[in-house]
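Novice:
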Amino acid sequence: MRHAAKTTSRVLRRFWRGLREWCGDSAYETYLRSKGTQSSPCRTLTRAEFYVEQLNRRYSRPNRCC
Amino acid sequence: MKRLFSIAVWIAVGLLGAGALGSIALHRGEPLNATWFVVAAVCCYLVAYRLYSAFVAAKVLALDDTRATPSERHDDGRDFVPTNKWVLFGHHFAAIAGPGPLVGPTLAAQFGYLPGTLWLIAGAAFAGCVQDFVILFCSIRRDGKSIGQMAREEVSERGGFIAQLAVLAIMTILLAVIGLVVVNALKSSPWATFTLAMTIPIALLLGLYLRFVRPGRVLEASVMGVALVLFVVVAGQWVADSPSWARVFTLSGVALAFAIIAYGFAASALPVWLLLAPRDYLSAFIKAGAIFSLAAGILIVRPQVLMPPLTRFIDGTGPVFAGKIFPFCFITIACGAISGFHSLISSGTTPKMILRESHARFIGYGAMLLESFVGVMAMVAACAMPPGVYFAINSPPSIVGNAGEAAVSTISGWGYPLQAQTMTDLAHKVGEITLWNRAGGAPSLAVGMAQIFSSTIGGERLLSIWYHFAIMFEALFILTVLDAGTRVGRFMVQDLGGRFWKPFGRTRWMPGVLISSAIIVALWGYFLYQGVVDPLGGINSLWPLFGISNQLLAAVALVVATTILMKMGKLRWIWVTLLPMAGLVIITMTASYQKIFDANPRIGFLAYAKVLAAQIAAGRIPAEKVAETQRLIFNQRLDATVTGVLAAMILVLIFEALVHWYSILTRRKESVLHESPYVATLWAADYSGTAHGDD
C-alpha cells in the first residue's frame, strides 16, 4: 500500500514537472540553473525581462506548423 | 527465451495490423466499425517504429550517444536547453500538429475512407516520419541550423535561396487557405463568431497578467484562460438566442475575411507578449485536450463508418474539390502523411533542445506517427456521418445549388440519400442557422466530433455545445498558426527588405514593423479574399495550391537529406530518402501540371479563365458583373503563375542537386560535409537517465 502511494506520488510529481516544462512555466528556473547563465559575465535577467526576451526570440522563427 | 517471446509479440502485432488493414481494404456492404481503423493504424505504427525507424537510426544515420548534442555544448538556458525527451516530444508535437491533419483527411473523405486512410498510414511511415527524423538528425549534427542554411551549405548557394523563397511563398498560401477554413466555419454563425471573437480579449487579459502581475506563470494563467474560453463557448448560445446580439455577430464571408486580415496585422505588429503568446498558450492546452478527447471518444463510442471505401468521385468529378485520386488525394491529405513545413520545426527549436542523438528517433519519427494518427481520427470523424450529410455540408452552391430540394435531389442522385429535413434538424441540433454549403472541412469535422463527444457525454442535449466547442478548438488553433505565421513572414519580409535598405531590416523600427506587417498581410489577405468570393468555393482552388506548395517543400527537405546521406558515404541506404523524394516530385509535378493546364475548368486554372473570358465575349455575363468576372479571370491566371513558379523553383533546386550528386559520385568535386566537429559528451558518467526521460 505504502509502495503504491509512493509510486503514485512519484509519477504525479514527474507529470507535474513535465507539464511545467512543456508549457514554459519553469523556463525561468531552467535559465537560472543553466551553465550559460552561471558562467556568463552578463547580468542575470529578472523573471519579467526573461519572459519578454524569450517570447520575442521564440516567435521570430517558425514555431507553429500547418 | 525472452527474445523469442519478443519476436512472437511483434509477429502478433504485425498480423493483427495486417488483418485490420485487410478488413478496411476488403470490407464491402455493411458499415464498418471505427475500431478497425484504430487497430490497423496503431499496429502499423508500432511495427514501423520498432523496425523501420530502428533500421534508419542504426544503419542509415548511425546515431551516436557518445557525441555531445548542441544543447550540451551551448547550454545557455534560452535557445539551447537540455530537455527531457518526453517533454521535448510534447513540444515538438504541439509545434507540428496544426489544422492540416484535421482538415486534409476530412476533405479527402470525398474519395471514400480507403485511399486517404492507406496514404495516412503508409505515407507517414515511409515518407513523413523519415523526413522529420532525418532532418532533425542533420540539424542536430549542425548546431541546430535551419533547412535553408543546410540547403545553402550542403547543396548550393542558389539552393538555399530557393528554399527560403519557397518557405515565404508557402507561408503566404498556407495563411490564406487556413484563413478561408475559419471564414467558412464562422460564416453566418453568431455563436461561433462570438466565441472566437471573445478569445481575443481573453488573450489580452492573459497577456497583461503574464507581463505585469505574475510574469511567466504560464500554467496558472492558462488554467484561467481555458476556463474563460469554455465559459464563452456556453455563453455563445445566449448570444445566438438574442436577436439583437445575434445580428451583431452574424457576419458575411467578406466581412469575416477583413476581420481576420485586421487581426493578423494586429498580432504581427503588437508586442508578442500582449496577444500572440497568450493565445498560443490557450491553443496548446485546448488542442492537447481536444485531440485526447477525440481519441478517447472514438475508442469509447466505436462509431460505425458510414462512408463507403471508395466513392464515385475517384473519377475526378468530386464536389468538394475536382481532380482524380492520383495525385489529388495525396495533395489534399498533405500534413497527415508528410508535411514540408515540419522540416522548419525539425531544423528549428527541437534540435537545440535535444539531449542525446538517440532521442531523435522517438521525437522525430514518433511525433509524426502521432500526427498521422490525428489524421486517421479526423477521417473516422468525417466518415462516421451519413455520406449525404457530408456532401451537403462540403459542396459549394455552384455544384449542388443553394440548399433545398434541388441540392437534395443532386446529392441523392449521386447515390447518397439525403432529405432536406435531415439538414434542417441537424443545423437546429448543433445551434446553426444552416449547415448547407459550408465547404472547408471545419464544420463537417465539428459535426463528426460533436456526434462522437455527445455519444460519450451529454447525449443530443449537449450536441450544440460540443459542436461549438469543436469549432472553437479548430478556429482557435488555426488562428494561432495564422498569427504566428504572419509574424514570422514579417521577419522574412524585413530580412529581405533589409538587404536593400538597412533600417527596414531592424525588427524594432516601428515604420519597418508596420510596413512589413502590411506587406505580408496583404499577400495572404489577397488570396484569402479571392477564395471567399470564388464561385467554386475557394477550397477547390486554394487547398490544392496549399497541398502542392507544402509537398514541394517536403521535396526540398528530402533533396537536402539525400545530399547529406550521400556525403556521409551512405550511398547504399540512400533510397530511404530518395524514394519518398521521387514520389513527391512525381505527385507534385503531376498536380501542378493539371492545376495549370487541365482542360476541365474545375481543375485547370487556365481553362477556367478561358471559360469565363468566353462567357464575357459571348455577352452571357450581365454588365454589372463583368468587372467582377474579369477579376476572377485575373485570379485564375495568378494562381496558375504561382503554381508554375513554385514548381519551377523546385525543378531548379533538383537540377542543382543532381549536378552536385554527379560531381560527388564521379569525384570531380570533393565531398565536404558541414557537420560540427565531434565532441564527446561529458554527461556519460553522471548522466541521469531518469531525469531525462530514459526510464
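Going down the list, the sequences are from chains P and A.
Residue numbering for the first sequence is 569 to 634, as defined by the working numbering.
Residue numbering for the second sequence is 35 to 729, as defined by the working numbering.
Ideal Cβ placement from N, Cα and C applies to all residues, glycine included.
According to the neighbour-count rule (16 or more other Cβ atoms, all chains shown, within 10 Å of its Cβ), is A725/A buried or exposed?
Specialist: At A725/A, the pLDDT of 46 sits below 50, so the modelled position is not reliable; the number obtained from the coordinates is stated separately. A725/A comes out exposed.
Novice: For a minimum of 4 consecutive residues, which ranges assigned as the alpha helix (DSSP H) are wholly contained in the segment 431-513 of chain A?
Specialist: Within the segment 431-513 of chain A, the complete alpha helix (DSSP H) runs of at least 4 residues are 431-434, 438-447, 454-463 and 476-490.
Novice: Per DSSP, A714/A forms a beta bridge with which residues?
Specialist: For A714/A, which the question treats as bridged, DSSP gives the partners R101/A.
Novice: Could you tell me whether the segment 211-229 of chain A touches the segment 271-291 of chain A, using the rule of 3 or more Cβ pairs below 8 angstroms?
Specialist: Counting Cβ pairs under 8 angstroms, three or more are found: they touch.
Novice: Assuming contact is defined by CB atoms lying nearer than 7 angstroms, are L141/A and G475/A in contact in what I supplied?
Specialist: It is a contact, given that the beta carbons lie within the stated cut-off.
Novice: Whose C-beta lies closer than 7 angstroms to the C-beta of W717/A among residues of the same chain, with five residues either side of it excluded?
Specialist: E106.
Novice: Looking at the strands, I want to know which residues DSSP matches up with N67/A.
Specialist: Answer by DSSP bridge pairing, in chain order: Q338/A.
Novice: Would you mind stating whether P614/A and L592/A have Cβ atoms separated by less than 7 angstroms?
Specialist: Yes, the pair counts as a contact, with Cβ atoms nearer than the cut-off.
Novice: Buried or exposed: where does W584/P fall if 16 or more other Cβ atoms within 10 Å of its Cβ makes it buried?
Specialist: W584/P comes out exposed.
Novice: Spatial neighbours of E617/P within its chain, please: C-beta separation below 8 angstroms, excluding the five flanking residues on both sides.
Specialist: So no residue of the chain qualifies.
Novice: V527/A and N624/P look like a contact to me (Cβ under 8 angstroms); what is the Cβ gap, rounded to whole Å?
Specialist: V527/A to N624/P, Cβ: 17 angstroms. No contact.
Novice: Taking H694/A as part of the alpha helix (DSSP H), name the residues at either end of that continuous run.
Specialist: From DSSP, the alpha helix (DSSP H) with H694/A extends over V660 to L699.
Novice: For the segment 618-636 of chain A against the segment 670-683 of chain A, are there 3 or more C-beta pairs whose distance is under 8 angstroms?
Specialist: Cβ pair count under 8 angstroms is three or more, so yes.
Novice: My output table needs one value for M387/A: the three-state DSSP class, helix, strand or coil.
Specialist: Looking at M387/A - three-state DSSP - the assignment turns out to be helix.
Novice: Within 10 angstroms of its Cβ, does T514/A collect 16 or more other Cβ (buried), or is it exposed?
Specialist: Classification for T514/A: buried.
Novice: Which whole-angstrom value is the C-beta distance of V464/A and I332/A, which I expect to be below 8 angstroms?
Specialist: Not quite, the Cβ-Cβ distance comes to about 19 angstroms (not below 8 angstroms), so this is no contact.
Novice: Of all the residues that make up the segment 510-533 of chain A, which are near chain D by a beta-carbon distance shorter than 8 angstroms?
Specialist: Absent here is chain D; the protein component of the structure consists of chains P and A.
Novice: If we count Cβ pairs, one from each stretch, closer than 8 angstroms, do we get three or more for the segment 417-424 of chain A versus the segment 557-564 of chain A?
Specialist: No, the segment 417-424 of chain A is not in contact with the segment 557-564 of chain A.
Novice: Quick one: measure Cβ to Cβ for M184/A and S381/A, integer angstroms, because I've assumed they're closer than 8 angstroms.
Specialist: At roughly 7 angstroms, the Cβ-Cβ gap stays under 8 angstroms, so M184/A and S381/A are in contact.
Novice: For chain P, is any of its Cβ atoms less than 7 angstroms away from the one on F561/A?
Specialist: For F561/A, the answer is no, since every Cβ of chain P falls outside 7 angstroms of its Cβ.
Novice: For S327/A, which three-state DSSP category applies?
Specialist: S327/A falls in the helix class under three-state DSSP.
Novice: Which same chain residues end up closer than 6 angstroms to G727/A when comparing Cβ atoms and leaving out the 5 residues on each side of it in sequence?
Specialist: Here the model assigns G727/A a pLDDT of 47, short of 50, so the residue's position is not dependable and the matter cannot be decided.
Novice: Hey, how far is the Cα of P431/A from the Cα of V442/A?
Specialist: One C-alpha to the other measures close to 12 angstroms.
Novice: Exposed or buried, Y696/A, counting other C-beta atoms within 10 Å across all chains shown (16 or more means buried)?
Specialist: Y696/A should be labelled exposed.
Novice: Given that a residue counts as buried once 16 or more other Cβ atoms are within 10 Å of its Cβ, and exposed if not, what is A42/A?
Specialist: A42/A comes out exposed.
Novice: Taking 7 angstroms as the CB-CB limit, is L623/P close to chain A?
Specialist: Yes, its Cβ sits closer than 7 angstroms to a Cβ of chain A.
Novice: Tell me the DSSP secondary structure of N428/A in three-state form.
Specialist: In this structure, N428/A counts as helix in the three-state DSSP scheme.
Novice: Using a Cβ-Cβ cutoff of less than 6 angstroms, which residues in the same chain neighbour G467/A once the five nearest sequence positions on both sides are dropped?
Specialist: Just to set this straight, residue 467/A is Ile in the shown sequence, not Gly. If we look at I467/A and ignore the five residues flanking it on each side, its Cβ neighbours are S222.
Novice: For the candidate residues A595/A, M683/A and E662/A, whose alpha-carbon lies nearest to that of L586/A?
Specialist: Among A595/A, M683/A and E662/A, the Cα nearest to that of L586/A belongs to M683/A.
Novice: Rank L612/A, S575/A and L38/A by C-alpha distance to the C-alpha of A595/A and give the top, closest one.
Specialist: Of the candidates L612/A, S575/A and L38/A, the one whose C-alpha sits nearest the C-alpha of A595/A is L612/A.
Novice: Flag this pair as touching only if the segment 616-628 of chain A and the segment 353-366 of chain A have three or more C-beta atom pairs under 8 angstroms; answer yes or no.
Specialist: Flag = yes, the segment 616-628 of chain A and the segment 353-366 of chain A touch.
Novice: Which runs of the alpha helix (DSSP H) fall wholly inside the segment 516-577 of chain A and span at least 4 residues, in chain order?
Specialist: Entirely contained in the segment 516-577 of chain A, the alpha helix (DSSP H) runs reaching 4 residues are, in chain order, 544-567.
Novice: Looking only at its chain, what residues have a beta carbon closer than 6 angstroms to the beta carbon of F195/A, apart from the 5 residues adjacent to it on each side?
Specialist: So no residue of the chain qualifies.
Novice: Rounded to a whole number of angstroms, what is the C-alpha to C-alpha distance between A54/A and A156/A?
Specialist: Looking at the two C-alpha atoms, the distance is approximately 14 angstroms.
Novice: Under 9 angstroms Cβ-Cβ, which residues of chain A neighbour S602/P?
Specialist: Near S602/P (Cβ distances below 9 angstroms), the residues of chain A are D109, D110, G111, R112, F114, V115 and P116.
Novice: Do you know whose CA, among D99/A, A203/A, A691/A and L516/A, lies nearest V679/A's CA?
Specialist: If we check each option's Cα against that of V679/A, A203/A comes out closest.
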